[in-house]
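Trainee: Each residue of the sequence shown is one higher than the one before, starting from 117 at the first, in our numbering.
Here it is, the structure, as structure tokens.
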Amino acid sequence: FTVLKEAGLRMASAPGTYDDSAFSVLCPSACRLKLAFDLGSKSFWPAPRVTSSVVRMERRRDPVAADDRAGFSAFVRALFSSRRKTLRNNLRASAPALGPSLGHGDGASLDTALVETFERLGIRADIRAEALRPEELAALFRALHGPIG
Numbered sequence: 117f118t119v120l121k122e123a124g125l126r127m128a129s130a131p132g133t134y135d136d137s138a139f140s141v142l143c144p145s146a147c148r149l150k151l152a153f154d155l156g157s158k159s160f161w162p163a164p165r166v167t168s169s170v171v172r173m174e175r176r177r178d179p180v181a182a183d184d185r186a187g188f189s190a191f192v193r194a195l196f197s198s199r200r201k202t203l204r205n206n207l208r209a210s211a212p213a214l215g216p217s218l219g220h221g222d223g224a225s226l227d228t229a230l231v232e233t234f235e236r237l238g239i240r241a242d243i244r245a246e247a248l249r250p251e252e253l254a255a256l257f258r259a260l261h262g263p264i265g
């Protein structure tokens with residue numbers, strides 16, 4: 117399908133790149149993406165002042181967090197809500213909105229649970245969400261929310 121070039125770059129960006137966002141985690145978590153080619157403004161009438169890209173999307177046979185897409189989507193959006201904050205700080209700020217498994221207890225018990233979960237999964241405590249692949253974020257989601265189903 118055809119999107120603005122900037123949107124296509126966000127959809128297909130790799131973890132840790134400038135264009136990485138919640139959108140660039142959620143798209144590849146459900147589909148395999150490939151930027152096929154760009155379309156110049158002369159390809160349209162009337163000619164826009166932007167470049168478009170054709171993006172090829174194929175549904176993944178093994179979608180990330182297929183058992184709870186809505187919960188995973190909310191989780192990822194929370195992790196990217198403040199790009200300059202670490203994963204831990206975004207989770208602390210979003211805990212009440214992310215459901216009962218993160219919303220209970222005081223800040224100290226939440227911090228302890230987060231640190232233990234990060235250690236178990238091999239995630240640095242000072243990392244930002246954009247440094248992790250969709251599969252790593254799904255593993256964190258499952259670890260913090262317990263079995264999904």
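Note that the Cβ used here is the ideal one computed from N, Cα and C, for glycine as well.
For residue 163 versus residue 157, is the C-beta spacing smaller than 8 Å?
Mentor: Counting from 1 along the sequence shown, the entry for residue 163 is found at position 47. Counting from 1 along the sequence shown, the entry for residue 157 is found at position 41. Yes, they are a contact pair.
Trainee: In three-state DSSP terms, what is residue 292?
Mentor: With the chain covering 117 to 265 only, the question about residue 292 has no answer from this structure.
Trainee: Provide the residue span of the beta strand (DSSP E) that contains residue 189, from first to last.
Mentor: As a working mapping, residue 189 is identified with position 73 in the sequence shown. Taken as a continuous stretch (DSSP letters only), residue 189 belongs to no beta strand (DSSP E), being part of the alpha helix (DSSP H) at 185-195.
Trainee: What is the DSSP secondary structure of residue 231, counted as helix, strand or coil?
Mentor: Residue numbering aside, residue 231 sits at position 115 when the sequence shown is read from its first letter. The answer is helix: DSSP assigns residue 231 an H, G or I state.
Trainee: When the distance is taken between beta carbons, is residue 119 closer than 8 Å to residue 180?
Mentor: As a first step, residue 180 must be located in the sequence shown, where it is residue number 64. As a first step, residue 119 must be located in the sequence shown, where it is residue number 3. Not closer than 8 Å, so no.
Trainee: Under 8 Å by Cβ, that's how I've got residue 226 and residue 208 pegged, so tell me the actual separation to the nearest angstrom.
Mentor: Taking the first residue of the sequence shown as position 1, residue 226 is located at position 110. Taking the first residue of the sequence shown as position 1, residue 208 is located at position 92. Contact holds; Cβ gap of about 6 Å.
Trainee: In the DSSP assignment, find the unbroken alpha helix (DSSP H) run with residue 258 in it and report its ends.
Mentor: Your numbering for residue 258 matches position 142 in the sequence shown. Counting along the chain, the alpha helix (DSSP H) containing residue 258 begins and ends at 250-261.
Trainee: For residue 200, which three-state DSSP category applies?
Mentor: One-based indexing of the sequence shown puts residue 200 at position 84. Coil.
Trainee: By the 10 Å Cβ neighbour count, where 16 or more other Cβ atoms means buried, how is residue 124 classified, buried or exposed?
Mentor: Position 8 of the sequence shown, counting from 1, holds the residue named residue 124. Buried is the call here.
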